[in-house]
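Student:
Number of protein chains: 2
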Amino acid sequence: MIDNLKRLKAILAEETDLSRAAAVLDWDQETNMPPGGVAGRAQQLSTLMTLAHVRFTSDEVGRLLDALESEVANQQFDSDEASLVRVTRRDYEQERKLSPELVSEVAMAGATARPHWEKARRDADFKVFEPYLEKNVELNRRIADALGYAERPYDALLDRSEPGLKTSELEAIFGEIKSAIVPLVADIARNADAVDDRVLYRGFEPELQMQYALDVVGRLGYDLNRGRQDISTHPFSTSFGPGDTRITTRVSHGFFNECLFGSIHECGHAMYNQGIGENLDRTPLWDGASPGVHESQSRLWENLVGRSRPFWRHFYPSLQAVFPEPLRGVDEETFYRAVNRSYPSLIRVEADEVTYNMHVLLRFELETEMLDGTLKVRDLPEAWNSRVKSYLGITVPNDREGALQDIHWSSVSFGIFPGYTLGNLIGAQLMEKARADIPDLDAQIEKGEFAALLAWLRRNVHRHGRKFTPNELLERATGKPLTAAPWITYVQQKFGALYGLRAARK
Amino acid sequence: MIDNLKRLKAILAEETDLSRAAAVLDWDQETNMPPGGVAGRAQQLSTLMTLAHVRFTSDEVGRLLDALESEVANQQFDSDEASLVRVTRRDYEQERKLSPELVSEVAMAGATARPHWEKARRDADFKVFEPYLEKNVELNRRIADALGYAERPYDALLDRSEPGLKTSELEAIFGEIKSAIVPLVADIARNADAVDDRVLYRGFEPELQMQYALDVVGRLGYDLNRGRQDISTHPFSTSFGPGDTRITTRVSHGFFNECLFGSIHECGHAMYNQGIGENLDRTPLWDGASPGVHESQSRLWENLVGRSRPFWRHFYPSLQAVFPEPLRGVDEETFYRAVNRSYPSLIRVEADEVTYNMHVLLRFELETEMLDGTLKVRDLPEAWNSRVKSYLGITVPNDREGALQDIHWSSVSFGIFPGYTLGNLIGAQLMEKARADIPDLDAQIEKGEFAALLAWLRRNVHRHGRKFTPNELLERATGKPLTAAPWITYVQQKFGALYGLRAARK
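Top line first, the protein sequences correspond to chains A and B. My numbering applies: residue 1 is where the first sequence begins, and numbers increase by one. My numbering applies: residue 507 is where the second sequence begins, and numbers increase by one.
1. Quick one: give me the first and last residue of the beta strand (DSSP E) that glutamine 229 of chain A is part of.
2. For tryptophan 286 of chain A, which residues of its own chain have a beta-carbon under 6 angstroms away from its beta-carbon, when the five flanking residues on both sides are left out?
3. Please list the partners that methionine 539 of chain B has in chain A, where partner means a Cβ-to-Cβ separation under 7 angstroms.
4. Taking C-beta to C-beta, are phenylalanine 767 of chain B and leucine 706 of chain B nearer than 7 angstroms?
5. Just the Cα atoms here: how many angstroms apart are alanine 504 of chain A and leucine 184 of chain A?
6. What distance in whole Å lies between the Cβ atoms of serine 237 of chain A and glutamate 266 of chain A, which are believed to be in contact at a cut-off of 8 angstroms?
7. How about tyrosine 996 of chain B: is its Cβ closer than 6 angstroms to a heavy atom in the ligand ADP?
8. What residue does the alpha helix (DSSP H) around threonine 673 of chain B start on, and which one ends it?
9. Glutamine 229 of chain A versus chain B: which residues are under 9 angstroms apart at the beta carbon?
10. Would you decide whether valine 182 of chain A is buried or exposed? Buried here means 16 or more other CB atoms lie within 10 Å of its CB.
11. Applying the 10 Å Cβ sphere with the 16-neighbour rule, what's the burial state of lysine 512 of chain B?
12. For chain B, is any of its Cβ atoms less than 7 angstroms away from the one on leucine 25 of chain A?
13. Alpha carbon to alpha carbon, how far is glycine 933 of chain B from serine 802 of chain B?
14. What do you get for phenylalanine 956 of chain B, buried or exposed, if any count of 16 or more other CB atoms within 10 angstroms of its CB means buried?
15. In terms of alpha-carbon separation, which member of A:Leu84, A:Arg219 and A:Leu441 lies closest to arginine 522 of chain A?
16. With 9 angstroms as the C-beta to C-beta threshold (strictly closer), list the residues of the region 33-49 of chain A near chain B in chain order.
17. Report all residues from its chain with a CB closer than 6 angstroms to the CB of tyrosine 212 of chain A; omit the five preceding and five following residues, and keep chain order.
18. Give the interface partners of alanine 21 of chain A over in chain B, defined as CB-CB distance under 7 angstroms, in chain order.
19. Could you name the residues of chain B that phenylalanine 240 of chain A contacts, counting a contact when the two beta carbons are closer than 8 angstroms?
20. Name, in chain order, the residues that DSSP records as bridge partners for serine 745 of chain B.
21. Which term fits alanine 844 of chain B, buried or exposed, when burial requires 16 or more other beta carbons within 10 angstroms of its beta carbon?
22. Smallest Cα separation from isoleucine 173 of chain A: which of A:Leu422, A:Met271, A:Lys433 and A:Arg458?
23. When you compare the CB positions of valine 251 of chain A and proline 206 of chain A, do they come within less than 7 angstroms of one another, or not?
24. Helix, strand or coil: how does DSSP classify lysine 506 of chain A here?
25. What are the boundary residues of the alpha helix (DSSP H) that methionine 539 of chain B is part of?
26. Counting along the chain, where does the alpha helix (DSSP H) carrying serine 814 of chain B start and finish?
27. What's the call for leucine 300 of chain A, buried or exposed, on a 16-neighbour Cβ count within 10 Å?
28. When you check each C-beta in the region 942-953 of chain B against every C-beta of chain A, which residues fall closer than 7 angstroms?
29. Out of A:Val137, A:Arg86 and A:Gly306, which one is the CA nearest neighbour of glutamate 369 of chain A?
30. Under three-state DSSP, which class holds lysine 1000 of chain B?
31. Going by beta carbon distance, what residues of the same chain come within less than 7 angstroms of glutamate 808 of chain B, once the five residues before and after it are set aside?
32. Within 10 angstroms of its Cβ, does phenylalanine 495 of chain A collect 16 or more other Cβ (buried), or is it exposed?
33. Counting C-beta neighbours from all protein chains within 10 Å, is the total for threonine 754 of chain B 16 or more, i.e. buried, or is it exposed?
34. If we call anything under 7 angstroms between Cβ atoms a contact, is leucine 139 of chain A one with alanine 107 of chain A?
35. As an exercise, report each continuous beta strand (DSSP E) stretch of at least 3 residues that is fully enclosed by the region 420-494 of chain A, in chain order.
36. Select from A:Tyr499, A:Arg458, A:Ile488 and A:Leu501 the residue whose C-alpha is nearest the C-alpha of glycine 221 of chain A.
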């Protein structure tokens, strides 16, 4: 066993290094690369991803897994070795179904499309991006066909990102959310005057916002010795291993929320990666359990912590000291209410907690329809706009604020969006249990102490990396599989109180 | 032939992409990487370099070269195909002698040593760096032994970086330089008062220096659409392909020369890469001919252009407009003389044109002695300091300004330093011919027009990439092999005039 395991780990380490090098190249492309670098970068990424794929899907890895599966049969399910063999097998079976040519095409397509998406977005000109999105849809479909599926093509992509989850289950979850949220949105609309957020638009010096955000994420527990913050069009977090996990943000003079809440969000992702056990480094286990579980960490810190009353009880005085002008005469309660204002809006990443999941539902539906072929790419803007009208009651003025707003479709990544809603649900489910285990959590947050919460997340989520599927992880951490109930209860109570609604609905 | 060539090019393209990815990781390490990233980055670089090496040294490449050598036998020496086969064969034979384990160790050692060199340099504490340098010397020696040599281990390393050059030839060149420069230095010392450079230390706002330097390099011809400028400890230029060639610089409030001349120097390197024929992209031919030829471009722009009277006739008014305070009452001639002041100094990259080559001679001697084993690493600071005393007559106050000043020894790179002196010689030899071909060159420079000079360099040097050895290139461009005469004449005339010396010596 020693020899087989050692050999497998050597191959996986090499594959990890190639993937991490590709992640550095991606980060550089988003933050620093000059325009002329596009073509060369696409070639480099394609070569790295193809080599990683070829290395990982070799017959040798299959033979090593065959041998190791019997060797680890007596080990605990959650041991490092048994988990490594189990998860590597799952990845291996999926990756083996994808040809090196397809993997190379996918990498090339992503790197090639990105600048065209950026231009299209800047100019609000969907036509510029359309041929690249068509190519990406085709590649998503070819991946789904190669992986295979029982019912719908989307199942193949979904199971790849959120192991164990089916499209039909997701539809049921969205149904449950919809039936709770639609009446809540209507109630809030009737009491819209209860919350005034004009203070957020009074103008905040960008440099100071960046510095304040960096201070806050450091206080939450993001280790800047193993990280850094930069500016990019679309904020993201990326990791090149235990010692280097970076975040990006964007900053607007005219709107406060973008920078601070964007930074806290990405720092939630980054702290997850910084907490994965070093014993899992350079293996497929050194990563988040799934995009959904990863998003639970960003949303938990952004909303359940960062938009909570105790958080602002602690931070508001220092914020007011940094921005005396725009915050003149604004008290803590008013500011807390402002950052929690709920209203139908156009941009997903700026949407409030109540309406956010409707943005995800929209993308989930459009992805499945483009993948099934029932929606043509050229008809996407119209479908997008009419659905925003029907779900949120608002009009999309241009594609920059519509179908071009997210970076995701500029690469071949269908099946990732649902993770955003799963993140909201999982975050609330974990927080409910963390509160039970740390009875004075709010008092700690009021004092600016986040160590106990971070330690709870490290112990129950972070350190395990990718050992468990989302449901396995939730069962271990909370005693229950995934459920929408804690999140629904949370938003009903929080926004019921904020907007002075009668008893929380059930 | 089509098939063999196509297959060889596919392998070389993959190898190029891996090397370029490694270059991105290196750039990131120097400019952005947080301290925690060191260990992971070393692993990633080692994996990339090892894979590139294994790919390039495969038996298949040998078979393809065997087949292609007879297929291209009738082609012109300088055709793309014949050159590709010839240069790839030379690289292949050298690389085949290095085991993948050695290549991996070399990559790991470089990435591991760098932060310790940085710390040692910052703290002026050689002991911190000593064990890493010992390791690097050992690895340099193992490379030399693996490559083989007729006379001295250094021959093996020198031939790898400057094909066709022998250690004994280099010693002869340094002898010729020494016998011309030592008396010139003495003459200058006797007339030291002729040039006053105190204006350079009057304090220049760093932000404005960075912006001015960026403007200047853009005017010289550095294409910022395919490049960018950042800050790093040690300025460098790096290229990830035709569309992305970057420079770094450093900036000091207290000393003007660092930023502007550093930027022009690196932009000389960068314009070389930006001018290599795209027809050579993703092959071993897409690179400079040698470190020495590369340095000829940086030194030509930095000194023969950037420290010339016509250059300052054009730029001084705008510089004075940007820095009215420190340049108050300083006329163009005074400033021109200031940036050309010649005096013995401690730091190579800040040394003037006359004394610069003595700094290189020193390093060349110390490298050969460490490689031969006649100088122990622990004795390096003492050997450095005593040689600086004997060659330049000055005392080294600490190792930061002595043996720790250059980044080069933090990676396994003996044999690179001589290129700096070769660069001075080649730059002067090329410029002599360019002047003959562009009679009104000085008048053009006075008008801020650099296009004809850049076009001449593109045509005679840049576009050929690595097709030719340094001597082949010089023969084609100037009709002569490498000679020190043009450089010696240049410094004797320029500094003879600056310091009011009698007739230029011969």
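Beta carbons: idealized from backbone N, C-alpha and C, even for Gly. The model shown is predicted, which means the values in this text are computed figures rather than measured ones.
Tutor: Inspection of the coordinates gives the following:
1. Per DSSP, glutamine 229 of chain A belongs to the beta strand (DSSP E) from 229-231.
2. Closer than 6 angstroms at Cβ, skipping near neighbours: Ile276, Leu280 and Gly465.
3. Those are Asp244, listed as they occur along chain A.
4. No.
5. Note on alanine 504 of chain A: pLDDT 47, under 50, position unreliable in the model; no value is reported.
6. At roughly 4 angstroms, the Cβ-Cβ gap stays under 8 angstroms, so glutamate 266 of chain A and serine 237 of chain A are in contact.
7. What this structure holds is no ligand at all, so the ligand ADP is not there to describe.
8. According to the DSSP assignment, threonine 673 of chain B belongs to the alpha helix (DSSP H) that extends over 673-696.
9. Correct list: empty, because the minimum Cβ distance to chain B is about 10 angstroms.
10. The residue is exposed, with fewer than 16 neighbouring Cβ atoms inside 10 Å.
11. Result: exposed.
12. True, the Cβ-Cβ gap to chain B drops below 7 angstroms.
13. Whole-angstrom Cα-Cα distance: 4 angstroms.
14. So phenylalanine 956 of chain B ends up on the buried side.
15. Here chain A comprises residues numbered 1 to 506, so residue 522 of chain A is not present and cannot be evaluated.
16. The region 33-49 of chain A vs chain B, Cβ under 9 angstroms: Met33, Pro34, Pro35, Gly36, Gly37, Val38, Ala39, Gly40, Arg41, Gln43, Gln44, Leu45, Ser46, Thr47 and Leu48.
17. Counting only Cβ-Cβ distances below 6 angstroms, and skipping sequence neighbours, we find Val322.
18. Those within 7 angstroms of alanine 21 of chain A in chain B are Ala527, Leu531, Gln550 and Leu554.
19. Those are Gly543, Gly546, Arg547 and Gln550, listed as they occur along chain B.
20. Under the DSSP definition of a beta bridge, serine 745 of chain B partners with B:Thr751.
21. Answer is buried; the Cβ neighbour count reaches 16.
22. If you compare the alpha carbons of A:Leu422, A:Met271, A:Lys433 and A:Arg458 with that of isoleucine 173 of chain A, the shortest gap goes to A:Leu422.
23. Yes, they are a contact pair.
24. In this predicted model, lysine 506 of chain A has a pLDDT of only 44, less than 50, meaning its place in the structure is not dependable; the value taken from the coordinates is given anyway. Correct three-state label for lysine 506 of chain A: coil.
25. First-last for methionine 539 of chain B: undefined, no H or E at that position.
26. Premise fails: serine 814 of chain B is in no alpha helix (DSSP H) and is neither H nor E.
27. Leucine 300 of chain A comes out buried.
28. Listed in sequence order: no entries.
29. If we check each option's Cα against that of glutamate 369 of chain A, A:Val137 comes out closest.
30. Three-state result, lysine 1000 of chain B: helix.
31. Same-chain partners within the cutoff: Phe767, Ile770, His771 and Gly774.
32. Buried.
33. With a 10 Å radius around the Cβ and a threshold of 16 neighbouring Cβ atoms, threonine 754 of chain B comes out buried.
34. It is not a contact, given that the beta carbons lie outside the stated cut-off.
35. Qualifying beta strand (DSSP E) stretches: none in this window.
36. Nearest to glycine 221 of chain A by alpha-carbon distance, out of A:Tyr499, A:Arg458, A:Ile488 and A:Leu501, is A:Arg458.
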